[in-house]
Amino acid sequence: MAQTKEDPQFFPPLADVVDKTQAGDEEDIDARPLEEIESLCMQCGEQGVTRMMLTSIPFFREVIVMSFRCEHCGHANNEIQSAGEIRPEGSIYTVKVLNRGDLDRQLIRSEACSINIPEFQLVLPPSRGQLTTIEGLLRDIVTDLNTQQPLRRIQDENAYTKIQEIIDALKKIIADDEEGGEEEGDDKPEKKELSKEDSLTPAITLVLDDPSGNSFLEFVGSMSDLKWNMRTFERSLEQNRQLGLAPPAEASEEKEEDEAGQKLEGPNEEVFEFPGICSRCARPLITRMKKVSIPYFKDTLIMSTNCDNCGYRDNEIKSGSAISEQGKRITLKVEDREDLSRDVLKSDTSGLSIPEIDLVLHPGTLGGRFTTLEGILDQVYEELTEKVFNTGDSGVVDADDRVEFQEFLRKLKQVKNAEIPFTLILDDPLANSYVQNLYAPDPDPNMEIVTYERTWQQNEDLGLNDMNVESYSEGDTKDGSAEIQR
């Protein structure tokens, strides 16, 4: 594979192939960019010809374009295959098709790619590889849908009507000079004057979802094209199995018990289940755990316990990394509701405070939480509203304290709805807390992150002063057990 990438003669650029085809000598076989191979026609059983071209597409990768045609029955077939390795991540391309110029965008579809047109609720499942344009793809869709329409009209008129609406809409999008007939001779010149800037009715969105990462949808000018978007994603375990990159489910289940201790090193998509006993009703339950990689932060472990018998629920989050040498203090200035959608990871060792309303939550309050800023403020509000003055003898709390607390709840409600600006402070001596940076990887102008040295008392509260893992093996006893050196 390395040789393929280093030697450009195997996969010359597409433009060079075109120039070589136009200027090549027909008698010079070595100069031909196409390889021709006799192949069996699957329609009539006679010999046809497969033409194969190796080329590289700009801003994409090396591909093999194949075209088959049988001169006996006229059967033809075109296909494209990736000549590179499967990408480590899948890709999703999205293009807004708003005018006729967008129909000329080049499209490469791999065998693992599905295509979605949300406006028509139309999804094309993975099929053969294809090199075409958006217009060519839409014409193929119209042809395929038209094939069974006469039969649908007899068997299922409702399905026929809905599919015909899609066909008619697609025909309006790809309309050209040929669709008007010679009877409309006066209108025909107007159709020839159609400009690439003419808007399409209806406008559509084209989405290519390819877990192998080997599909491509052309952008115009540069990758900052406003109509074009591309993002990558990590494949799920099931997608890796479909691509042949992971063993079948049956093989995985056989090794499940033997590899239970090693599963934490597996893909982030895996959810691990552990049997346990409910602390309330003593019935069997399942605890689920998943490793999550937070961008620009670290790995964390999310655990969830649900009891189907009594309804008990508990969620917990733990750091999946080593203990940090320094603490971290995160200060976020919240100015509008957009900030409430930020992801927030509050560990069980982190304190939370909002100076504007004198709110202070000590470490351990609410436990570990991974939610949004709005979600954690809602939890604080619910806990204070439902539990603080609703337990014990109501006569213990005097009227003045109750009025003061009601005023505090009113301010807290304004804060959780972002009706007033406020400052959120997360102080975590283990640096296991996190607030999403909306400007990542650039600094967030509304957020300040300060690292600091933990005090002796903080280390004492965390049990770090008596922990010593240096020369751990030197404390081995005669019976093979280990003793921590203090």
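Under full-length UniProt numbering, think of the first position of the sequence shown as 1, with each following residue one higher.
Beta carbons: idealized from backbone N, C-alpha and C, even for Gly.
Please read these numbers as outputs of a predicted model, since none were measured by experiment.
What does a CB cutoff of less than 6 Å around residue i pick up in its chain, not counting 5 residues either side in sequence?
{"i": "Ile37", "result": "Thr50"}
{"i": "Thr331", "result": "Ile425, Glu448"}
{"i": "Phe219", "result": "Asp225, Trp228"}
{"i": "Met52", "result": "Glu35, Met66"}
Per DSSP, which one or two residues make a beta bridge with residue i?
{"i": "Phe408", "result": "None, per the DSSP bridge assignment."}
{"i": "Phe216", "result": "Ile108"}
{"i": "Pro284", "result": "Ile277"}
{"i": "Tyr381", "result": "Answer is none; Tyr381 lacks a bridge partner."}
{"i": "Asn99", "result": "Ser199"}
{"i": "Lys318", "result": "Leu301"}
{"i": "Val344", "result": "Thr371, Val435"}
{"i": "Trp456", "result": "In the DSSP output, where bridge partners are listed per residue, Trp456 has none listed."}
{"i": "Asn77", "result": "Phe68"}
{"i": "Met230", "result": "Tyr93"}
Taking its Cβ as the centre, do 16 or more other Cβ atoms sit within 10 Å of residue i, making it buried, or is it exposed?
{"i": "Ser433", "result": "buried"}
{"i": "Tyr452", "result": "exposed"}
{"i": "Met467", "result": "exposed"}
{"i": "Ala431", "result": "buried"}
{"i": "Arg288", "result": "exposed"}
{"i": "Glu182", "result": "In this prediction, Glu182 scores a pLDDT of 44, lower than 50, which makes its location untrustworthy; no coordinate-derived value is stated."}
{"i": "Ile154", "result": "exposed"}
{"i": "Ala399", "result": "exposed"}
{"i": "Ser293", "result": "exposed"}
{"i": "Asp258", "result": "Residue placement at Asp258 is poorly supported in this model, since its pLDDT is 46, which falls under 50; the coordinates are not used for a value here."}
{"i": "Ser110", "result": "buried"}
{"i": "Pro429", "result": "buried"}
{"i": "Asp210", "result": "buried"}
{"i": "Gly368", "result": "buried"}
{"i": "Leu307", "result": "The sequence shown places Cys at residue 307, rather than the Leu named in the question. Cys307 should be labelled buried."}
{"i": "Val334", "result": "buried"}
{"i": "Ala260", "result": "Low confidence applies here, because Ala260 scores a pLDDT of 41, under 50, leaving its location unreliable; read the following figure in that light. By the 10 Å Cβ count, Ala260 comes out exposed."}
{"i": "Ala440", "result": "exposed"}
{"i": "Val450", "result": "exposed"}
{"i": "Cys73", "result": "exposed"}
Work out the CA separation of residue j and residue i for me, nearest whole Å.
{"i": "Trp456", "j": "Asn465", "result": "8 Å"}
{"i": "Leu377", "j": "Leu438", "result": "19 Å"}
{"i": "Val360", "j": "Val380", "result": "11 Å"}
{"i": "Glu460", "j": "Lys346", "result": "21 Å"}
{"i": "Gly375", "j": "Leu340", "result": "8 Å"}
{"i": "Leu54", "j": "Glu316", "result": "53 Å"}
{"i": "Leu137", "j": "Met223", "result": "22 Å"}
{"i": "Tyr312", "j": "Arg283", "result": "11 Å"}
{"i": "Lys291", "j": "Thr305", "result": "15 Å"}
{"i": "Leu264", "j": "Asp299", "result": "The pLDDT assigned to Leu264 is 39, lower than 50, so where the model puts this residue is not dependable, and the model offers no usable value."}
{"i": "Lys162", "j": "Glu119", "result": "13 Å"}
{"i": "Gly364", "j": "Asn417", "result": "25 Å"}
{"i": "Gly129", "j": "Asp168", "result": "26 Å"}
{"i": "Leu107", "j": "Leu217", "result": "5 Å"}
{"i": "Ile277", "j": "Leu245", "result": "37 Å"}
{"i": "residue 489", "j": "Cys310", "result": "Nothing can be reported for residue 489, as the shown portion of the chain is limited to 1 through 486."}
{"i": "Gln239", "j": "Glu157", "result": "36 Å"}
{"i": "Cys70", "j": "Phe274", "result": "59 Å"}
{"i": "residue 544", "j": "Lys196", "result": "Residue 544 lies beyond the stretch modelled for the chain, which goes from 1 to 486, so this question has no answer here."}
{"i": "Pro247", "j": "Leu237", "result": "10 Å"}
{"i": "Glu46", "j": "Leu145", "result": "29 Å"}
{"i": "Phe422", "j": "Ser324", "result": "29 Å"}
{"i": "Ile357", "j": "Met303", "result": "32 Å"}
{"i": "His75", "j": "Met230", "result": "36 Å"}
{"i": "Ile420", "j": "Arg337", "result": "10 Å"}
What residues in its chain sit with their C-beta under 7 Å from that of residue i, if we drop five residues either side in the sequence?
{"i": "Glu178", "result": "In this prediction, Glu178 scores a pLDDT of 44, lower than 50, which makes its location untrustworthy; no coordinate-derived value is stated."}
{"i": "Asp427", "result": "Arg329, Ser350, Gly351"}
{"i": "Thr371", "result": "Val344"}
{"i": "Arg87", "result": "Ser212, Gly213, Asn214"}
{"i": "Ser114", "result": "Val123, Leu124, Pro125, Pro126, Asp209"}
{"i": "Ile166", "result": "Phe120, Leu122, Leu145"}
Am I right that residue i and residue j are in contact with their C-beta atoms under 8 Å? What's the rounded C-beta distance?
{"i": "Leu462", "j": "Thr349", "result": "7 Å"}
{"i": "Lys227", "j": "Lys96", "result": "4 Å"}
{"i": "Leu366", "j": "Leu384", "result": "Rounded, the Cβ-Cβ distance is 11 Å, inconsistent with contact."}
{"i": "Ile173", "j": "Leu206", "result": "Not confirmed; about 11 Å, so no contact."}
{"i": "Arg105", "j": "Thr133", "result": "6 Å"}
{"i": "Leu103", "j": "Glu135", "result": "4 Å"}
{"i": "Arg342", "j": "Gln436", "result": "4 Å"}
In its own chain, which residues sit with a C-beta less than 8 Å from the C-beta of residue i, not counting the 5 before and 5 after it?
{"i": "Glu89", "result": "Gly213, Thr232, Phe233, Glu234, Arg235"}
{"i": "Val271", "result": "Arg288, Met289, Lys290"}
{"i": "Gly327", "result": "Asp427, Asp428, Pro429, Leu430, Ala431, Thr451, Tyr452, Glu453, Arg454, Gln458"}
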